[in-house]
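S.K.: Protein chains in written order, with the UniProt record's numbering: chain F, 1 to 204; chain A, 1 to 204; chain W, 1 to 204.
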Amino acid sequence: MAELLDLVGIFVFALSGALMGVRKRLDVVGMAVLAEITALGGGIVRDLVLNVRPAAFQSVGYVVVPLAAAVVVFFFHPHVARVMPAILVFDAAGLGLFCAVGTAKALDYGLSPLHATLLGVTTAVGGGMLRDILAGEIPTLLYDRQLYALPALLGSTALAGLSIAGVYGWPATLAAAVLATGLRLAAMRYNWRAPLARGVGDQT
Amino acid sequence: MAELLDLVGIFVFALSGALMGVRKRLDVVGMAVLAEITALGGGIVRDLVLNVRPAAFQSVGYVVVPLAAAVVVFFFHPHVARVMPAILVFDAAGLGLFCAVGTAKALDYGLSPLHATLLGVTTAVGGGMLRDILAGEIPTLLYDRQLYALPALLGSTALAGLSIAGVYGWPATLAAAVLATGLRLAAMRYNWRAPLARGVGDQT
Amino acid sequence: MAELLDLVGIFVFALSGALMGVRKRLDVVGMAVLAEITALGGGIVRDLVLNVRPAAFQSVGYVVVPLAAAVVVFFFHPHVARVMPAILVFDAAGLGLFCAVGTAKALDYGLSPLHATLLGVTTAVGGGMLRDILAGEIPTLLYDRQLYALPALLGSTALAGLSIAGVYGWPATLAAAVLATGLRLAAMRYNWRAPLARGVGDQT
């Protein structure tokens with residue numbers, strides 16, 4: 001079940017990478033590379049920091065699923081773009097799941113709750129940041145004022161807090177994933193915005 | 001012999017990095033940094049994934065050869081640019097060698113054939129991608145439709161396939177390098193192109 | 001004392017990251033991310049190469065200090081920009097300290113003097129390069145002809161030379177840091193410039 005949710009998260013992140021490839025008029029190789037890196041980048045960074053061999057280089061599914069997403073976008077991308085609102089819901093689920101799984105793995109490997117939270121957020125947003133850098137854009141996360149990293153931060157914090165209280169295991173991880181996903185969906189629904197520094201908003 | 005071929009690959013990759021520095025009007029420091037990262041980046045990423053200390057930080061030649069390439073370009077760059085067609089042949093050899101050596105090292109460290117193939121391609125194309133990102137450009141690999149990653153992928157796949165068949169060692173690695181190099185040269189000669197997703201070609 | 005100097009270096013590097021966030025009109029999340037990555041990026045790359053868990057994921061101060069810098073810039077950035085000349089002095093101190101500490105740590109972990117020097121420079125300049133890439137710019141280091149990497153290189157080389165002569169420990173590290181800082185300040189004061197490759201300066 002956990003494995004399945006993980007692959008769903010990888011699939012939707014890979015869709016966003018491949019669609020970015022279409023938007024930037026990349027060829028099929030570029031689409032596949034962006035799909036792989038978007039889906040796997042956050043987890044690879046997490047595992048490098050934890051000093052273990054990245055999970056992406058041990059599981060067949062992690063490699064094949066992003067390729068499948070790239071194939072889907074290659075043949076059906078006008079349809080994929082049309083269902084982008086639905087994809088954003090899956091993306092929110094991927095975000096929640098990745099921050100929770102990343103935080104849990106970091107705690108398992110002995111990081112403090114503070115650092116496990118930081119690494120969980122990195123897991124959730126790292127792939128998307130790499131996607132934007134490779135596509136020649138400033139990572140959306142840094143400027144677009146939509147709440148994306150903050151829901152992941154709150155989910156990771158909640159899971160780290162539960163671990164301090166002695167609560168571990170998949171139910172806690174799933175609860176944190178649901179919390180982060182719900183906050184992300186609420187931020188989209190109610191258009192919550194991150195503030196700019198004083199004076200920045202005026203310099204149009 | 002293997003060491004020598006490796007250094008030839010590093011040298012031509014470093015030339016392409018230093019020449020990119022000239023094109024972007026970087027200073028001598030920027031040229032040296034680009035030469036080092038282009039030549040060593042792919043192997044460093046490979047070794048980080050394998051969780052071993054990067055070979056680039058253990059060998060004197062790996063550090064000095066890119067500096068030599070930067071010095072050559074610094075003093076003779078109009079000539080280097082003029083011999084760029086010849087350099088592209090060396091670059092094809094570097095590509096083939098790096099994908100084969102990367103795949104072989106990944107197999108040695110116990111990765112599955114699938115993941116060793118992926119890591120071999122990463123070794124071959126990683127340095128060039130870092131070069132383009134540092135120079136403020138979208139990695140050529142992603143959009144220019146020339147076959148660059150695919151020859152590396154086929155060479156790595158061939159070597160992984162040989163390992164499944166029980167064939168190991170330098171002859172197999174060299175054969176895979178020659179295959180990838182030959183495919184790359186053929187792709188340049190006959191102008192083979194990677195496809196775009198449906199509809200993308202029309203949106204001029 | 002060493003720890004305190006380290007945190008001062010992290011703070012000023014984080015200020016430069018958060019100020020870049022203001023310049024690029026990023027939101028508060030982007031400012032915090034840039035502050036963290038600018039301050040911690042070089043050390044994280046160093047520790048990944050050394051194949052140890054990054055110090056940034058083991059110390060509370062390393063995570064909190066960049067956030068404090070981002071908060072200061074968020075509320076007071078017109079003042080921070082006005083004191084930028086003073087910050088450049090601190091930045092020079094951070095550069096010197098990071099190259100010395102990075103080289104010392106690399107020597108401790110058994111790298112050769114040559115490779116320890118290379119890794120020390122990487123520690124000193126890595127965070128700033130990541131800051132510029134994330135902000136969508138070519139790393140300043142590569143083109144602006146101010147001497148930034150070279151003072152770090154000379155400081156690292158001096159420390160590696162001392163280690164060959166059998167001199168170790170904090171006094172040597174501090175001396176290397178002071179040397180690199182002094183060279184950086186002198187380069188700023190006397191406007192020393194790195195050369196361009198032949199012919200590049202003419203192509204206006």
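Ideal Cβ positions, reconstructed from N, Cα and C, are used throughout, including at glycine.
Bear in mind the structure is a predicted one, so any value in this text is a computation, not a measurement.
Would you check if the distance between the CB atom of A:T181 and the CB atom of A:L118 is smaller than 8 Å?
M.R.: For the purposes of this step, residue 181 of chain A is taken as the residue at position 181 of the second sequence. For the purposes of this step, residue 118 of chain A is taken as the residue at position 118 of the second sequence. Contact flag unset, no.
S.K.: Residues in its own chain within less than 6 Å of A:A177 by CB, not counting five upstream and five downstream?
M.R.: One-based indexing of the second sequence puts residue 177 of chain A at position 177. Exclusion of the five residues before and after A:A177 leaves G96, L97, A100 as the residues of its chain whose Cβ lies within less than 6 Å of its Cβ.
S.K.: Under 8 Å between C-beta atoms, does W:D27 make it to chain F?
M.R.: The residue given as residue 27 of chain W occupies position 27 in the third sequence. For W:D27, the answer is yes, since a Cβ of chain F falls inside 8 Å of its Cβ.
S.K.: Does W:H77 get closer than 8 Å to chain F when you measure Cβ to Cβ?
M.R.: For the purposes of this step, residue 77 of chain W is identified with residue 77 of the third sequence, where counting begins at 1. Under the Cβ distance rule, W:H77 counts among the residues neighbouring chain F, one pair being separated by less than 8 Å.
S.K.: Using a 10 Å radius around the Cβ and a threshold of 16 neighbouring Cβ atoms, would you call A:L138 buried or exposed?
M.R.: Here residue 138 of chain A is taken as the residue at index 138 of the second sequence, counted from 1. The sequence shown places Ile at residue 138 of chain A, rather than the Leu named in the question. That one is buried.
S.K.: Within 10 Å of its beta-carbon, does W:E3 have 16 or more other beta-carbons around it, so buried, or fewer, so exposed?
M.R.: Start at 1 with the first residue of the third sequence, and residue 3 of chain W comes out as number 3. Exposed, because fewer than 16 other Cβ atoms sit within 10 Å of the Cβ of W:E3.
S.K.: With W:V121 and W:S163 assumed to form a contact (beta carbons below 8 Å), what rounded beta-carbon distance in angstroms separates them?
M.R.: Counting from 1 along the third sequence, the entry for residue 121 of chain W is found at position 121. Counting from 1 along the third sequence, the entry for residue 163 of chain W is found at position 163. With a Cβ gap of about 16 Å, W:V121 and W:S163 do not count as contacting.
S.K.: Counting only Cβ-Cβ distances shorter than 7 Å, please list the residues of the stretch 110-140 of chain W near chain F, keeping chain order.
M.R.: I133, L134, A135, G136
S.K.: What residue range is occupied by the uninterrupted alpha helix (DSSP H) comprising A:G110?
M.R.: Sequence index remark: in the second sequence, residue 110 of chain A carries index 110 (1-based). Premise fails: A:G110 is in no alpha helix (DSSP H) and is neither H nor E.
S.K.: For W:W24 and F:L153, what's the separation of their Cα atoms in angstroms?
M.R.: Taking the first residue of the third sequence as position 1, residue 24 of chain W is located at position 24. Taking the first residue of the first sequence as position 1, residue 153 of chain F is located at position 153. Before going on, a small fix: residue 24 of chain W reads as Lys here, not Trp. Whole-angstrom Cα-Cα distance: 23 Å.
S.K.: Between the alpha carbons of W:L150 and W:L141, how many angstroms are there, rounded?
M.R.: In the third sequence, counting from the first residue as 1, residue 150 of chain W sits at position 150. In the third sequence, counting from the first residue as 1, residue 141 of chain W sits at position 141. Roughly 10 Å between the two C-alpha positions.
S.K.: In this structure, how does DSSP classify W:R193 when only helix, strand and coil are distinguished?
M.R.: Residue numbering aside, residue 193 of chain W sits at position 193 when the third sequence is read from its first letter. Note: W:R193 maps to strand in three-state DSSP.
S.K.: So, are the CB atoms of A:A55 and A:A39 less than 8 Å apart?
M.R.: As a first step, residue 55 of chain A is located in the second sequence; it is residue number 55 there, counting from the start. As a first step, residue 39 of chain A is located in the second sequence; it is residue number 39 there, counting from the start. Against a cut-off of 8 Å, the Cβ pair of A:A39 and A:A55 comes out as no contact.
S.K.: Can you list the residues of chain W that A:Q58 reaches, using a CB-CB cut of under 9 Å?
M.R.: Locating residue 58 of chain A in the second sequence gives position 58, where the first residue counts as 1. Within 9 Å Cβ-Cβ: L111, S112, H115.
S.K.: For the alpha helix (DSSP H) holding F:F57, just list the boundary residues, first then last.
M.R.: Here residue 57 of chain F corresponds to residue number 57 of the first sequence, with the count starting at 1. Run containing F:F57: none; DSSP gives neither H nor E here.
S.K.: Count the other CB atoms within 10 Å of the CB of W:R46; is the residue buried (16 or more) or exposed (fewer)?
M.R.: Here residue 46 of chain W refers to the residue found at position 46 when the third sequence is read from its first residue. Buried is the call here.
S.K.: By Cβ distance, which residues of its chain are closer than 6 Å to W:A70, with the 5 residues on each side in sequence left out?
M.R.: For this step, residue 70 of chain W is matched to residue 70 along the third sequence. Setting aside the 5 residues that flank it on each side, W:A70 is surrounded in the same chain by A18, M31, A32, A35, each with a C-beta closer than 6 Å to its C-beta; the list follows chain order.
S.K.: To which residues of the same chain is A:A158 closer than 6 Å at the C-beta, ignoring the five residues directly before and after it?
M.R.: Here residue 158 of chain A corresponds to residue number 158 of the second sequence, with the count starting at 1. Excluding positions up to five away in sequence, the list reads A176, L179.
S.K.: Whole angstroms is fine: what's the gap from F:F75's alpha carbon to F:M84's?
M.R.: Translated into the one-based positions of the first sequence, residue 75 of chain F becomes position 75. Translated into the one-based positions of the first sequence, residue 84 of chain F becomes position 84. Approximately 16 Å between the Cα atoms of the pair.
S.K.: Check whether the Cβ atoms of A:A92 and A:R198 sit closer than 8 Å, and answer yes or no.
M.R.: Residue numbering aside, residue 92 of chain A sits at position 92 when the second sequence is read from its first letter. Residue numbering aside, residue 198 of chain A sits at position 198 when the second sequence is read from its first letter. In this structure, A:R198 does not lie closer than 8 Å to A:A92 by Cβ.
S.K.: Quick one: what does DSSP say F:D27 is sitting in, helix, strand or coil?
M.R.: Here residue 27 of chain F refers to the residue found at position 27 when the first sequence is read from its first residue. Three-state result, F:D27: strand.
S.K.: From what residue to what residue does the alpha helix (DSSP H) around F:Y168 run?
M.R.: Counting from 1 along the first sequence, the entry for residue 168 of chain F is found at position 168. Unbroken run through F:Y168: none, as it is neither H nor E.
S.K.: Between W:G61 and W:A124, is the Cβ-Cβ spacing less than 8 Å?
M.R.: Against the third sequence, residue 61 of chain W aligns to sequence position 61. Against the third sequence, residue 124 of chain W aligns to sequence position 124. No. Outside cutoff.
S.K.: Using the Cα positions of A:H77 and A:G128, report the straight-line distance between them to the nearest angstrom.
M.R.: Position 77 of the second sequence holds residue 77 of chain A. Position 128 of the second sequence holds residue 128 of chain A. For A:H77 and A:G128, the distance between alpha carbons rounds to 19 Å.
S.K.: Taking only beta-carbon positions, decide if F:L196 is within less than 8 Å of chain W.
M.R.: By 1-based counting over the first sequence, the position of residue 196 of chain F is 196. Among the residues facing chain W, F:L196 is included, as its CB has a counterpart in that chain under 8 Å away.
S.K.: Is any beta-carbon of chain F found at less than 8 Å from that of residue 253 of chain A?
M.R.: The question about residue 253 of chain A has no answer here: the residues shown for chain A are numbered 1 through 204.
S.K.: Using beta carbons (cut-off 8 Å, strictly below), is F:L88 in contact with chain A?
M.R.: Here residue 88 of chain F refers to the residue found at position 88 when the first sequence is read from its first residue. It does not: the Cβ of F:L88 has no partner Cβ on chain A nearer than 8 Å.
S.K.: Beta-carbon separation of W:P113 and A:V28 under 8 Å?
M.R.: Against the third sequence, residue 113 of chain W aligns to sequence position 113. Against the second sequence, residue 28 of chain A aligns to sequence position 28. No, these two residues do not count as a Cβ contact at 8 Å.
S.K.: With the cut-off set at 8 Å, would you say W:V65 and W:L7 are in Cβ contact?
M.R.: In the third sequence, counting from the first residue as 1, residue 65 of chain W sits at position 65. In the third sequence, counting from the first residue as 1, residue 7 of chain W sits at position 7. Against a cut-off of 8 Å, the Cβ pair of W:L7 and W:V65 comes out as a contact.
S.K.: Between F:L34 and chain A, is there a C-beta pair that is closer than 8 Å?
M.R.: Here the question's residue 34 of chain F lines up with position 34 in the first sequence. Taking Cβ atoms only, chain A reaches closer than 8 Å to F:L34, which makes this a yes.
S.K.: How far does the alpha helix (DSSP H) with A:L141 in it extend, from its first residue to its last?
M.R.: Position 141 of the second sequence holds residue 141 of chain A. DSSP places A:L141 in the uninterrupted alpha helix (DSSP H) bounded by 140-143.
S.K.: Using beta-carbon positions only, say whether A:L48 and W:L48 come within less than 8 Å of one another.
M.R.: Taking the second sequence and counting its residues from 1, the one referred to as residue 48 of chain A is at position 48. Taking the third sequence and counting its residues from 1, the one referred to as residue 48 of chain W is at position 48. Contact: yes.
S.K.: For F:V22 and A:R193, what's the separation of their Cα atoms in angstroms?
M.R.: Indexing the first sequence from 1 puts residue 22 of chain F at position 22. Indexing the second sequence from 1 puts residue 193 of chain A at position 193. Their Cα atoms are separated by approximately 17 Å.
S.K.: Got a sec: is the Cβ-Cβ distance from F:L174 to anything in chain W below 8 Å?
M.R.: Position 174 of the first sequence, counted from the start, is the residue given in the question as residue 174 of chain F. Taking Cβ atoms only, chain W never reaches closer than 8 Å to F:L174, which makes this a no.
S.K.: Quick one: is A:P54 near chain W, going by C-beta distance under 8 Å?
M.R.: Start at 1 with the first residue of the second sequence, and residue 54 of chain A comes out as number 54. Answer yes: the Cβ-Cβ gap between A:P54 and chain W drops below 8 Å somewhere.
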